[in-house]
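Before any comments, here is the structure.
Residue numbers (the numbering used here), protein chains in the order written: chain A, 1 to 231; chain B, 232 to 427; chain C, 428 to 986.
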């Protein structure tokens, strides 16, 4: 049923997320089916039959509890293997100290019920004169690391881009950093994944991934427009 | 109401499988839940406090002497309630009731001092909405104050009952409750007053 | 010991101190609330499947109404169905009977807790009808959304919601003290803690976990009320507060709460599985220890609800690890149940069918929990339908399947008669099939990235694929089926209550003390003071001709 997630993946770390999802999925399907099968098999073969009496198995010895404890111990081993694989993936995506050197810096600001994206511009710093803002559309160059900073103006929102395998809540009063690197051109959807009020459903934006040249051209026109509105 | 109430003590329900009577065991569990309620608030406050060093300046506006006085008042009242329990244990119900009323008196002193403090702070503009420190201050001392009032009401009821000749077992239970109220204050005092 | 003194209707059925009457009051209030919660689900699932059509011809649902319905569905099902039916209902009915007591330790306190709970129910229902509508910020009611009237459009709805939940906590705190004291302290002579029926153990531990976890949230709820109505800033970043504070307080209670309702359900399972497979519990002490360990671990896993909520990412590893570790005691528990039916002589009555259904369904809920608990996977599936499917595969078996098993099993002790088995089996089949039809598609929706709590999936292109829409419709049809499948139960419940086959004292040949009473037990429960002679599950012992030796039966020759 599952080799990778149904939606295409366009981020560099997404493949790792897909891989661990499939890995754990097959473990739990295997365990689940085995346990269900054994249980149902027991139910069938040990159904009430005339003249057959149930066995007396209080399982008071270590030897008899082993039937339960050994499978549990194996569950524990699987747990530790899963955790061992999960931790580095989590750190790659979420640990602020591990964010790679970025080429684009953008402030993602959420409010009821819209998104805006402020780019740091030429100087690579936010809150300077060459910043420019795009409403409801996050344009990024392909194969470049984008660093973002999440801010909310009102309630809690959540930055959710399924194709990037990325989700992060946005908490008022905090500036939460993160990053991604998109690998495939196209238009994709951004959603708010944390209930944020009546029109939570409508809180949508677009992620546009394009070549570095196209992005540079777009950025230039944005800077111009920004200058016009300022004058 | 139904017979079950009046007969409670003759029925096997009065028997207990552990050494503890039901009332004391129930009381311990009740008090443990109280400890968790205040414990949650105290931990929350401490965690917030670590992010707000400027609260030290706010805490300087509490009246340390009044807080210290109230600490003494509660400690003394705890001692009195122990004496009340002792008297009840010896079967001296009249003395037990008297000592409970003395404890209630200490509770009243505590509340009066607290009221004076609140007044003093509010006229200076340190109202609950002044900032988060004062929010916590009023929330925690207010909740504690409600527990003081609750304890006083319970003690009056028990004392009147004991005077009428009821089972003095209640003296022990209000005493346990009062100790918790006292202990909570011993945590609140340094956290809210002295940490400046 | 029985009280023949005439009692008025009011003192016998309304303000009763009898634990059995109070148990029925809790159960019936809870089941009535389940109808409310279930119908809410039916309505908003209709909206989800056909978002552009009027719901039941009543018009297109406004999004804030949808949010309120989802919020209230969750709130009701957890706090007003699972808690009163499983913990308070079955706890009240069974704990005194199983330890051989004539009532709870504090009967008047018991009555008080029910009426506080009843008051909380009224407050919650009123909250539907105040201007602005009911609370609409999800059952978790995270601030600042729940705090801000401008942001949520809800004013009194949230105040009443917080008040109702707080009252309910008070009711169950008092009830919990009663259950713990009764279970530990009112055991009949001869019954050590290691002779307690599993249900008593699990309900006592559940009550302790509740007692020790709910305190911080009571403080947190007071802070919400102060913030909303008096302008303090505990959760307001502008005033130096922190919205995440509430999430910590909520989940410090919220996760243990899952186990508070799970444990009594597992207790019911233990009783039903043993009696109907004629087998002793496989590793009684091992199971009890696993429950104790799970109870302790439940206090240190809460932040797994908050991996992507803005907490320090370095916290994810320890909480992910603890979360995955908590699967261990529950694995012990479930494997022991499977081992319990091994080499049994299984009698498939309706209670047993529901018990087996529980094990089968809960396994799915349990293993999918591993996905959520893995922090790296949670980045993708957090707040999607995968999570919704996961917790319904745990909570629906707990709240309903175990409850049904319990009701069919202990109906004689509730109303003195047996429930109709044919209707019961129809009920089981319908519930089992449609439950899967409702929630299996949601795993798939979650994998597609379908996030929760959106009123109209077609607002997004990636959720408007024919596959996604079809799965939503399938799930909704399952919900209809699940609701309709309860009709035979409701009919069976009332017809058996009034015209059911009269039950003897011990219709299932079970071993625990409650089966040594009349069906239903009279006031005072037992005909004579009880004594326990052996452990709780002596089924099919060796060297004895009968296939069960109840706890209340004096020792036989050669035993």
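Note that CB positions come from ideal geometry on N, CA and C, so glycine has one too.
Small disclaimer: the values here were computed from a predicted structure and weren't measured.
Self-check item: Cβ separation of residue 689 of chain C and residue 825 of chain C, assumed to be a contact under 8 Å, to the nearest whole Å
Solution: As a first step, residue 689 of chain C must be located in the third chain, where it is residue number 262. As a first step, residue 825 of chain C must be located in the third chain, where it is residue number 398. Confirmed, about 5 Å.
Quiz prompt | residue 102 of chain A versus A:205, A:120, A:160, residue with shortest Cα-Cα distance | solution = Translated into the one-based positions of the first chain, residue 102 of chain A becomes position 102. Of the listed residues, the one whose Cα sits closest to residue 102 of chain A is A:120.
Quiz item: Is any heavy atom in the ligand FMN found nearer than 7 Å to the beta carbon of residue 172 of chain A?
Solution: Among the components modelled here there is no ligand, and therefore nothing to report on the ligand FMN.
Practice problem: Counting only the same chain and skipping the five closest in sequence on each side, list residues whose C-beta sits under 8 Å from that of residue 671 of chain C. | Solution: Counting from 1 along the third chain, the entry for residue 671 of chain C is found at position 244. Answer for residue 671 of chain C: 733, 736, 737, 738, listed in chain order.
Quiz item: Leaving out five residues before and five after residue 581 of chain C in sequence, what residues of the same chain have Cβ atoms less than 7 Å from its Cβ?
Solution: As a first step, residue 581 of chain C must be located in the third chain, where it is residue number 154. Answer for residue 581 of chain C: 559, 560, 562, 563, listed in chain order.
Quiz prompt | alpha helix (DSSP H) runs wholly inside the stretch 139-165 of chain A, at least 4 long, in chain order | solution = Taking only runs of at least 4 residues, no alpha helix (DSSP H) segment lies wholly in the stretch 139-165 of chain A.
Quiz item: Is residue 704 of chain C helix, strand or coil by DSSP?
Solution: Position 277 of the third chain holds residue 704 of chain C. DSSP places residue 704 of chain C within a helical segment (H, G or I) once states are collapsed to three.
Quiz item: Which residues of chain C have a Cβ atom closer than 7 Å to the Cβ of residue 32 of chain A, listed in chain order?
Solution: Locating residue 32 of chain A in the first chain gives position 32, counting from the first residue. Simply 790, 791, 794.
Quiz item: Just checking, does the stretch 341-355 of chain B make contact with the stretch 418-426 of chain B on the three C-beta pairs under 8 Å criterion?
Solution: Too few Cβ pairs lie closer than 8 Å, so no.
Quiz item: Closest by CA to residue 139 of chain A, which one among A:128, A:78, A:123, A:107?
Solution: Locating residue 139 of chain A in the first chain gives position 139, counting from the first residue. Per the Cα distances, A:107.
Self-check item: Touching by the beta-carbon criterion (3+ pairs, under 8 Å), the stretch 644-652 of chain C and the stretch 611-631 of chain C
Solution: Not touching, per the Cβ criterion.
Exercise. Pick out whichever of B:400, B:255, B:280, B:307 has its Cα sitting closest to the Cα of residue 322 of chain B.
Key: Along the second chain, one-based indexing puts residue 322 of chain B at 91. Nearest option by C-alpha distance: B:400.
Quiz item: Are the beta-carbon atoms belonging to residue 566 of chain C and residue 456 of chain C less than 8 Å from one another?
Solution: The count along the third chain starts at 1 and reaches residue 566 of chain C at position 139. The count along the third chain starts at 1 and reaches residue 456 of chain C at position 29. Cβ distance not < 8 Å, so residue 566 of chain C and residue 456 of chain C don't count as in contact.
Quiz prompt | Between the CA atoms of residue 569 of chain C and residue 287 of chain B - distance to the nearest angstrom | solution = Against the second chain, residue 287 of chain B aligns to sequence position 56. Against the third chain, residue 569 of chain C aligns to sequence position 142. Here the alpha carbon of residue 287 of chain B sits roughly 29 Å from the alpha carbon of residue 569 of chain C.
Exercise. Identify which residue in A:162, A:95, A:94 has its Cα closest to the Cα of residue 810 of chain C.
Key: Translated into the one-based positions of the third chain, residue 810 of chain C becomes position 383. With distances taken between Cα atoms, residue 810 of chain C lies closest to A:162.
Exercise. Give the DSSP-derived three-state secondary structure of residue 961 of chain C in the structure shown.
Key: Taking the third chain and counting its residues from 1, the one referred to as residue 961 of chain C is at position 534. Under the three-state reduction of DSSP output, residue 961 of chain C falls in the coil class, being neither helix nor strand.
Practice problem: Mind the definition here: the stretch 587-603 of chain C touches the stretch 939-956 of chain C only if three or more C-beta pairs lie below 8 Å; say whether that holds. | Solution: Counting Cβ pairs under 8 Å, fewer than three are found: no touch.
Exercise. Compare the beta carbon distance of residue 511 of chain C and residue 882 of chain C with 8 Å and say whether it is the shorter of the two.
Key: One-based indexing of the third chain puts residue 511 of chain C at position 84. One-based indexing of the third chain puts residue 882 of chain C at position 455. Taking 8 Å as the Cβ cut-off, residue 511 of chain C and residue 882 of chain C do not qualify as a contacting pair.
Quiz item: Which of the three DSSP states, helix, strand or coil, is assigned to residue 179 of chain A?
Solution: Working through the first chain from its first residue, we reach residue 179 of chain A at position 179. In this structure, residue 179 of chain A counts as strand in the three-state DSSP scheme.
Quiz item: Is the CB-CB distance between residue 27 of chain A and residue 804 of chain C below 8 Å?
Solution: The count along the first chain starts at 1 and reaches residue 27 of chain A at position 27. The count along the third chain starts at 1 and reaches residue 804 of chain C at position 377. With a cutoff of 8 Å on beta-carbon distance, residue 27 of chain A and residue 804 of chain C are scored as not near each other.
Exercise. Please name the residue or residues paired with residue 975 of chain C in a DSSP beta bridge.
Key: Along the third chain, one-based indexing puts residue 975 of chain C at 548. Beta-bridge partners of residue 975 of chain C (DSSP): C:966.
Practice problem: Sort C:787, C:616, C:930 by Cα distance to residue 839 of chain C and report the nearest one. | Solution: Residue 839 of chain C sits at position 412 when you count from the first residue of the third chain. Relative to residue 839 of chain C, the option among C:787, C:616, C:930 whose CA is nearest is C:930.
Quiz item: CA-CA distance, residue 903 of chain C and residue 909 of chain C?
Solution: What you label residue 903 of chain C is simply residue 476 of the third chain in a count that begins at 1. What you label residue 909 of chain C is simply residue 482 of the third chain in a count that begins at 1. So the alpha carbons of these two residues sit roughly 10 Å apart.
Quiz item: Less than 8 Å separating the beta-carbons of residue 36 of chain A and residue 141 of chain A?
Solution: As a working note, residue 36 of chain A is residue 36 in the first chain. As a working note, residue 141 of chain A is residue 141 in the first chain. Result no, Cβ atoms of residue 36 of chain A and residue 141 of chain A do not sit closer than 8 Å.
Practice problem: Under 8 Å between beta-carbons, which chain A residues line up against residue 954 of chain C? List them in chain order, please. | Solution: The residue given as residue 954 of chain C occupies position 527 in the third chain. Chain A residues near residue 954 of chain C: none, gap ~30 Å exceeds 8 Å.
Quiz item: Beta carbon of residue 149 of chain A, beta carbon of residue 158 of chain A: below 8 Å?
Solution: Translated into positions along the first chain, residue 149 of chain A becomes position 149. Translated into positions along the first chain, residue 158 of chain A becomes position 158. In this structure, residue 149 of chain A keeps its C-beta atom at 8 Å or more from the C-beta atom of residue 158 of chain A.
Self-check item: Against chain C: residues of the stretch 169-186 of chain A by CB proximity under 9 Å
Solution: Those residues of the stretch 169-186 of chain A placed with their C-beta closer than 9 Å to a C-beta in chain C are 169, 170, 171, 172, 173, 174, 176, ordered along the chain.
Exercise. Have a look at C:667, C:627, C:848 and flag the residue whose alpha-carbon is nearest the alpha-carbon of residue 285 of chain B.
Key: Against the second chain, residue 285 of chain B aligns to sequence position 54. The shortest Cα separation from residue 285 of chain B among C:667, C:627, C:848 belongs to C:667.
Quiz item: With DSSP run on the structure shown, which of helix, strand or coil describes residue 256 of chain B?
Solution: As a working note, residue 256 of chain B is residue 25 in the second chain. Collapsing the DSSP output to three states places residue 256 of chain B in a helix.
Quiz item: What did DSSP end up calling residue 893 of chain C once you bin it into helix, strand or coil?
Solution: On the third chain, position 466 is the one that residue 893 of chain C refers to. Helix, per DSSP.
Practice problem: Mind reading off the beta-carbon distance from residue 137 of chain A to residue 206 of chain A? Whole number of angstroms is fine, and I expect it under 8 Å. | Solution: Translated into positions along the first chain, residue 137 of chain A becomes position 137. Translated into positions along the first chain, residue 206 of chain A becomes position 206. Correct: roughly 5 Å between the Cβ atoms.
Practice problem: State buried or exposed for residue 60 of chain A, treating a residue as buried only when at least 16 other CB atoms are found within 10 Å of its CB. | Solution: Within the first chain, the letter at position 60 stands for residue 60 of chain A. Taking all protein chains in view, the Cβ of residue 60 of chain A is surrounded by fewer than 16 other Cβ atoms within 10 Å, so the residue is classified as exposed.
Quiz prompt | Rounded distance between the beta-carbons of residue 878 of chain C and residue 110 of chain A, thought under 8 Å | solution = As a working mapping, residue 110 of chain A is identified with position 110 in the first chain. As a working mapping, residue 878 of chain C is identified with position 451 in the third chain. At roughly 14 Å, the Cβ-Cβ gap does not stay under 8 Å, so residue 110 of chain A and residue 878 of chain C are not in contact.
Exercise. Just confirm the distance between the C-beta atoms of residue 706 of chain C and residue 771 of chain C, as a whole number of angstroms; I'd bet it's less than 8 Å.
Key: Here residue 706 of chain C is taken as the residue at index 279 of the third chain, counted from 1. Here residue 771 of chain C is taken as the residue at index 344 of the third chain, counted from 1. Rounded to the nearest angstrom, the Cβ distance from residue 706 of chain C to residue 771 of chain C is 4 Å, consistent with a contact under 8 Å.
Exercise. Report the option in C:915, C:979, C:583 whose CA atom is closest to the CA atom of residue 938 of chain C.
Key: Within the third chain, numbered from 1, the residue matching residue 938 of chain C stands at position 511. Out of C:915, C:979, C:583, the CA that lies nearest to the CA of residue 938 of chain C is found in C:979.
Self-check item: Contacting residues, own chain, Cβ-Cβ under 6 Å from residue 212 of chain A (five flanking each side not counted)
Solution: To locate residue 212 of chain A, count along the first chain from 1; it is residue 212. 141.
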